[in-house]
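For the protein sequence lines, the chains are A and B, in the order given.
Counting with my numbering, you get residues 35 to 146 for the letters of the first sequence.
Counting with my numbering, you get residues 167 to 319 for the letters of the second sequence.
Shown next, in structure tokens, is the structure this report addresses.
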Amino acid sequence: MQIDTKDIENGIIIGLNGKIIGDSVAELRQTIEDKLNSGVKWIILDLKEVPLMDSSALGTIIAAFMKLQEHNGQLVLLDPQKNIVDVLSITKLDSLFEVYYDIKTALEAVKS
Amino acid sequence: MINENIDHKREIFLSIPSEDKHIYLLDMVISYCGKEMGFDEETIDQINLAVIEAGTNAIKHGNKNDPEKSAEFRFYLSEDKLIVFIKDCGNGFDPSSVGDPLSPENFMKPCGRGIFLMKAMMDEVEYSMGKDCGTEVKMVKYKNGEEIGDLSR
Chain A
35 MQIDTKDIEN GIIIGLNGKI IGDSVAELRQ TIEDKLNSGV KWIILDLKEV PLMDSSALGT
95 IIAAFMKLQE HNGQLVLLDP QKNIVDVLSI TKLDSLFEVY YDIKTALEAV KS
Chain B
167 MINENIDHKR EIFLSIPSED KHIYLLDMVI SYCGKEMGFD EETIDQINLA VIEAGTNAIK
227 HGNKNDPEKS AEFRFYLSED KLIVFIKDCG NGFDPSSVGD PLSPENFMKP CGRGIFLMKA
287 MMDEVEYSMG KDCGTEVKMV KYKNGEEIGD LSR
């Protein structure tokens, strides 16, 4: 899995490319923790190029969501593939995460 | 140990050391099995997720990430279904001890969704436990199975 980050003002877009399984979950967790510790207020997680993520990856995203929420921050998902949308639906996590399909709307949401 | 006579055309056996980095091998084998059997891409992804969840449980919870211990996978390919067995060397595990991840008390927890997803993605999931021989999971995906997400099975 490849991770690209782009800092914007007090937040960050984390672009992921590849399956988030096995040891790549720890890599994602570390990236997010580092950014949270540096004080970001929002995260846009770009899932456009993620064909599969396991429950550990979901757990990592939930933990980040909760930590940001404690500080009135936000974590939103950008352009997830159908498989990911199905998993979010089955686990009812689609009621927790805001999902956007274009970066402009996602940025407006986290900056508002 | 789940004992069963299985009518199959092909059998694949995989034994991997209990480290996260080897999970990718499951992805490769499932992709191969799925294409060989004529499953569509969406169904292959469902099987992949279920086997990766079971494999991660075997490595992490069963074998406690000990690379000296192996997690074993058997894949039986037949005309109408794929059967997968996953076995660890742990102390046994009771799947009923895992709470419902949709319940309010568990919903925000970052863990506890693996078995739930396995049941949602596969047509059959069966656990067998033994104190001396670890945990074995049998999962079945039929060529003409149910839609995903039916947890009444």
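Backbone N, C-alpha and C fix where the C-beta goes; we use that ideal spot for every residue, glycine too.
Check	Outcome
Residue 305 of chain B - partner residues in DSSP beta bridges	B:250, B:291
For residue 124 of chain A, the three-state DSSP class (helix, strand or coil)	helix
CB contact below 8 Å: residue 201 of chain B versus chain A	no
Contact with chain B by residue 41 of chain A, beta-carbon distance below 8 Å	no
Bridge partners - residue 272 of chain B, DSSP secondary structure assignment	DSSP lists no partner for residue 272 of chain B.
Nearest-angstrom Cα separation, counted from residue 246 of chain B out to residue 67 of chain A	45 Å
In chain order, each beta strand (DSSP E) run of at least 3 residues that lies wholly inside the segment 56–96 of chain A	76–83
Endpoints, beta strand (DSSP E) assigned at residue 46 of chain A	45–51
Whether residue 250 of chain B touches residue 305 of chain B by CB criterion (8 Å)	yes
Sufficient close CB pairs (3 or more, under 8 Å) joining the segment 201–210 of chain B to the segment 130–146 of chain A	no
Inter-residue Cα distance where the pair is residue 258 of chain B and residue 101 of chain A	34 Å
Proximity winner among B:282, B:199, B:184, B:228, relative to residue 240 of chain B (alpha-carbon distances)	B:199
Rounded straight-line distance, which links the Cα of residue 142 of chain A to that of residue 260 of chain B	46 Å
Members of the segment 70–98 of chain A that neighbour chain B once the beta carbon cut-off is set at 8 Å	85, 86, 88, 89, 90, 92, 93, 94, 96, 97
Alpha carbon of residue 244 of chain B to alpha carbon of residue 177 of chain B, nearest angstrom	9 Å
Chain A contact for residue 288 of chain B (CB, 8 Å cutoff)	no
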